[in-house]
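Residue numbers (the UniProt record's numbering): 1 to 446.
Okay, so here's the structure we're looking at.
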Amino acid sequence: MSRSRIVIVGAGFAGYQAARTLSRTLRGAAEIVLVNPNDYFLYLPLLPEVASGVLEPRRVSVSLAGTLPRVRLVLGEVDGIDFDGRRLRYTDPEGGAGELEYDRLLLTVGSVNKLLPIPGVAEHAHGFRGMPEALYLRDHISRQIAMAATSDDPEEAEARRTFVVVGAGYTGTEVAAHGKLFTDSLARQHGRTEDRSGPRDDRRPRWMLLDIAPRVLPELDERLAKTAHRVLTKRGVDVRTEMSVKEATSEGVLLDNGEFIATRSLIWCVGVRPDPLVQDVGLETDRGRLVVDEHLRVPGHPEVLACGDAAAVPDLTQPGEITPMTAQHAVRQGKVAGRNIAASFGYGSPRPYKHHDLGFTVDLGGIQGAANPLHVPLSGPLANLVTRGYHLASMPGNRIRVLADWMLDAVLPRQAAQLGLVRSWSVPLESSSPEVAKVPAPGGRR
Ligand SMILES: Cc1cc2nc3c(=O)[nH]c(=O)nc-3n(C[C@H](O)[C@H](O)[C@H](O)COP(=O)(O)OP(=O)(O)OC[C@H]3O[C@@H](n4cnc5c(N)ncnc54)[C@H](O)[C@@H]3O)c2cc1C
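In structure tokens, the structure reads:
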């Protein structure tokens, strides 16, 4: 008799944990298939450290085949699901089409960059939701500092040394905090060729962090916001709250107060929306996320579950609310989904998803951080230590490699080496797959 097949779509925080739970619980009693465009789990919270040259990209990319025994990995992106026929279609990384039948299906496709209808933004801004964008940004930043150092045109040099981040949530705040340290280090290295003292004050890189909200980290505890604001401003980041962008051009950005900021770097961190597959599959949604019950089941389809950023999971700790899009929830929901699927085969018993928020950690670069583990507010080096310790404990692999990069970064200058492998056009802001860099169409010239 053939084994039942469980298909998990998406190997992010939720999908990875579900696969691991199922592999450990079922121990081969059912076939577990994981469909994902890449062969690694991406530890997104450390992506700002990749963009700023602290961590090498493979440190935050945990091999799926190497860490998930008894799980069959299918490389591909799911583009259609037939719920009545219990089968799905996918496209593999080389454009080939494939089909898979399932007995149980778990959808954990995560989220993509959120767009706002602001003229020029889709063309001139870059998001921060995947590895290709982080690699692009690291090279782009290095290139701007290098070209600014040799430009004879002071206005062009100033624009190249100016970086604008829109959105002061945890992603934008970390990108600006790490980015400023990165560019200061690069500018010092280029400054050595000018005179021994490094760059003059008017040649220092300039970072701006904008948000429409009245404070940075608007979604987190106010005490974390105060710490982050203090660290950022002390570091020289120009924090502008209650402010947004009216228009973006290739020369810079027009703020909504009429001020024009000349820049070649607009980094878009205004938030995320569920992966477009959620709309495409035609199931009921709430705030764009798939409707599920507290057992993570899709109503009307008892064999289909969903969780993580893609699903509107009821928050049993705050009746009427749905859980926020965070790794903290996605990880735990993935475990519950795995457990509930195993229970549907007679292994263990199902349980509802309920999790009390445990606080948040924000790495502000250097030895700075802001954290409130178990709602105890921390700042400075202690917060940084707690944040890094939390990340190490949360990563399902590569811990020694990450630790080694942190130790190297503590004693060595940042590496100014552009590999140029990811180009601007291959990481458009509007993308249904920010985890994959676009490639030219066959026969294309780029
Ligand atoms: C830069 C950054 C920093 C963050 N920092 C924190 C933090 O410090 N703390 C915190 O709690 N949260 C943080 N978050 C949020 C957190 O990463 C997300 O909430 C979490 O990743 C959601 O998990 P998920 O499993 O739903 O989706 P993801 O982890 O995004 O995984 C989705 C997976 O599905 C795959 N996929 C997408 N579409 C398809 C398809 N059609 N077919 C097959 N596979 C598909 C993707 O490639 C991906 O592997 C951060 C997010 C970002 C972008």
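All residues carry an ideal CB built from backbone N, CA and C; glycine is no exception.
Through-space distance from S265 to E155, alpha-carbon basis
Along the sequence shown, read from residue 1 onward, the residue named residue 155 stands at position 155. Along the sequence shown, read from residue 1 onward, the residue named residue 265 stands at position 265. The straight-line gap from Cα to Cα measures roughly 15 Å.
What residue does the beta strand (DSSP E) around Y353 start on, and which one ends it?
Counted from its first residue, the sequence shown places residue 353 at position 353. Counting along the chain, Y353 falls outside any beta strand (DSSP E), and DSSP gives it neither H nor E.
Flag residue 488 as yes when its Cβ comes closer than 6 Å to any non-hydrogen atom of ligand 1, and as no otherwise.
Residue 488 lies beyond the stretch modelled for the chain, which goes from 1 to 446, so this question has no answer here.
Of the residues L107, V9, Q189 and E222, which one's Cα is nearest the Cα of Q415?
Reading the sequence shown from its first residue, position 415 is the one you call residue 415. Q189 is the residue among L107, V9, Q189 and E222 whose C-alpha sits nearest the C-alpha of Q415.
What are the boundary residues of the alpha helix (DSSP H) that I341 is part of?
Start at 1 with the first residue of the sequence shown, and residue 341 comes out as number 341. Per DSSP, I341 belongs to the alpha helix (DSSP H) from A327 to S344.
C-alpha distance - Q335 paired with L34, whole-angstrom precision
Taking the first residue of the sequence shown as position 1, residue 335 is located at position 335. Taking the first residue of the sequence shown as position 1, residue 34 is located at position 34. Sequence check: residue 335 is Lys here, not Gln. Going from the Cα of K335 to the Cα of L34 covers about 15 Å.
Any heavy atom of ligand 1 closer than 6 Å to the beta-carbon of P37?
Position 37 of the sequence shown, counted from the first residue, corresponds to residue 37. The answer is yes for P37.
If you compare alpha carbons, which of P276, L358, R235 and K180 is closest to A51?
Residue mapping note: residue 51 aligns to position 51 of the sequence shown, counting from 1. Cα-wise, what sits closest to A51 is K180.
Three-state secondary structure (DSSP) at T323?
In the sequence shown, the residue the question calls residue 323 occupies position 323. Judged by DSSP in its simplified three-state form, T323 adopts coil rather than helix or strand.
H178 - partner residues in DSSP beta bridges
One-based indexing of the sequence shown puts residue 178 at position 178. Beta-bridge pairing links H178 to no other residue.
Can you tell me which of A168, M407, V164 and F41 puts its alpha carbon nearest to the alpha carbon of V9?
Start at 1 with the first residue of the sequence shown, and residue 9 comes out as number 9. Closest option to V9, Cα to Cα, is F41.
Do S426 and A437 have their beta-carbon atoms positioned less than 7 Å apart in this structure?
For the purposes of this step, residue 437 is identified with residue 437 of the sequence shown, where counting begins at 1. For the purposes of this step, residue 426 is identified with residue 426 of the sequence shown, where counting begins at 1. In contact: A437 and S426 (Cβ atoms closer than 7 Å).
Within its chain, find whatever has a CB closer than 8 Å to the CB of R287; leave out the 5 residues flanking it on each side and keep chain order.
Here residue 287 corresponds to residue number 287 of the sequence shown, with the count starting at 1. Excluding residues within five positions, the ones whose Cβ falls inside 8 Å are A312 and I322.
May I ask which residues mark the beginning and end of the beta strand (DSSP E) holding P274?
On the sequence shown, residue 274 is found 274 positions in, with the first residue counted as 1. Taken as a continuous stretch (DSSP letters only), the beta strand (DSSP E) holding P274 covers V272 to P274.
Can you find a heavy atom of ligand 1 that lies under 6 Å from the Cβ of P45?
Start at 1 with the first residue of the sequence shown, and residue 45 comes out as number 45. Answer for P45: yes, Cβ within range of ligand 1.
Looking at the secondary structure, which residues open and close the beta strand (DSSP E) in which M208 lies?
Indexing the sequence shown from 1 puts residue 208 at position 208. Taken as a continuous stretch (DSSP letters only), the beta strand (DSSP E) holding M208 covers R206 to D211.
State the Cα-Cα distance for the pair I6 and D315, rounded to the nearest angstrom.
Walking along the sequence shown from the start, residue 6 turns up at place 6. Walking along the sequence shown from the start, residue 315 turns up at place 315. In a straight line, the C-alpha of I6 is about 26 Å away from that of D315.
Ignore the nearest five residues each way along the sequence and tell me which others in L374's own chain have a CB closer than 8 Å to its CB.
The residue labelled residue 374 in the question sits at position 374 within the sequence shown. Within the same chain, L374 has close Cβ partners L358 and G359.
Ligand 1 heavy atom lying under 6 Å from the CB of E77
In the sequence shown, counting from the first residue as 1, residue 77 sits at position 77. Checking every heavy atom of ligand 1 against the Cβ of E77, one is found closer than 6 Å.
With distances taken Cα to Cα, identify the nearest neighbour of T171 among D82, P214, F182 and V272.
On the sequence shown, residue 171 is found 171 positions in, with the first residue counted as 1. Of D82, P214, F182 and V272, the residue nearest in Cα terms is V272.
Could you tell me the distance, in whole angstroms, from the CA atom of T183 to the CA atom of D79?
By 1-based counting over the sequence shown, the position of residue 183 is 183. By 1-based counting over the sequence shown, the position of residue 79 is 79. Cα to Cα, T183 sits roughly 40 Å from D79.
Nonlocal neighbours in the same chain, by C-beta distance under 8 Å from A248, ignoring five residues either side:
Here residue 248 is taken as the residue at index 248 of the sequence shown, counted from 1. Closer than 8 Å at Cβ, skipping near neighbours: I118, P119, G120, V121, E123, H124, A125, L254 and L266.
Could you check the C-alpha separation between L75 and R89 for me, to the nearest Å?
Your numbering for residue 75 matches position 75 in the sequence shown. Your numbering for residue 89 matches position 89 in the sequence shown. If I take the Cα positions, the gap works out to 12 Å.
Could you say which of P440, V439 and S433 lies nearest to G110 if we only look at CA atoms?
Within the sequence shown, numbered from 1, the residue matching residue 110 stands at position 110. If we check each option's Cα against that of G110, S433 comes out closest.
So within the stretch 382-446, which uninterrupted beta strand (DSSP E) runs reach at least 3 residues, ignoring any that extend past its ends?
Entirely contained in the stretch 382-446, not one beta strand (DSSP E) run reaches 3 residues.
Measure from the alpha carbon of L403 to the alpha carbon of each residue in G66, T21, A18 and L46, then state which is nearest.
Against the sequence shown, residue 403 aligns to sequence position 403. Taking only the C-alpha atoms, the option nearest L403 is L46.
Are the beta-carbon atoms belonging to L106 and A337 less than 7 Å from one another?
Reading the sequence shown from its first residue, position 106 is the one you call residue 106. Reading the sequence shown from its first residue, position 337 is the one you call residue 337. Yes, these two residues count as a Cβ contact at 7 Å.
Take P350 and list the residues in its own chain whose beta-carbon comes closer than 8 Å to its own, dropping the five residues that flank it on each side.
Position 350 of the sequence shown, counted from the start, is the residue given in the question as residue 350. Counting only Cβ-Cβ distances below 8 Å, and skipping sequence neighbours, we find H295, R339, N340, A343 and S344.
Quick check on the DSSP output: the beta strand (DSSP E) that includes H375 runs from which residue to which?
On the sequence shown, position 375 is the one that residue 375 refers to. Element bounds for H375: n/a, residue is neither H nor E.
Just verifying my parser: in three-state terms, what is the DSSP assignment at Y136?
Along the sequence shown, one-based indexing puts residue 136 at 136. In the structure shown, Y136 sits in a helix (DSSP, three-state: H, G or I).
Does any heavy atom of ligand 1 sit closer than 6 Å to the C-beta of T285?
The count along the sequence shown starts at 1 and reaches residue 285 at position 285. Not under cutoff, so the answer is no.
DSSP three-state label for A262, please.
Position 262 of the sequence shown holds residue 262. Strand, per DSSP.
Based on the DSSP output, what are the partners of A97 in its beta bridges?
Your numbering for residue 97 matches position 97 in the sequence shown. A97 pairs with T91.
By DSSP, does L116 sit in helix, in strand, or in coil?
Indexing the sequence shown from 1 puts residue 116 at position 116. Correct three-state label for L116: coil.
Three or more C-beta pairs closer than 8 Å, one from the stretch 364-371 and one from the stretch 229-241: is that the case here?
yes
Status (buried if at least 16 other CB within 10 Å, exposed otherwise) for L378
Here residue 378 refers to the residue found at position 378 of the sequence shown. By the 10 Å Cβ count, L378 comes out buried.
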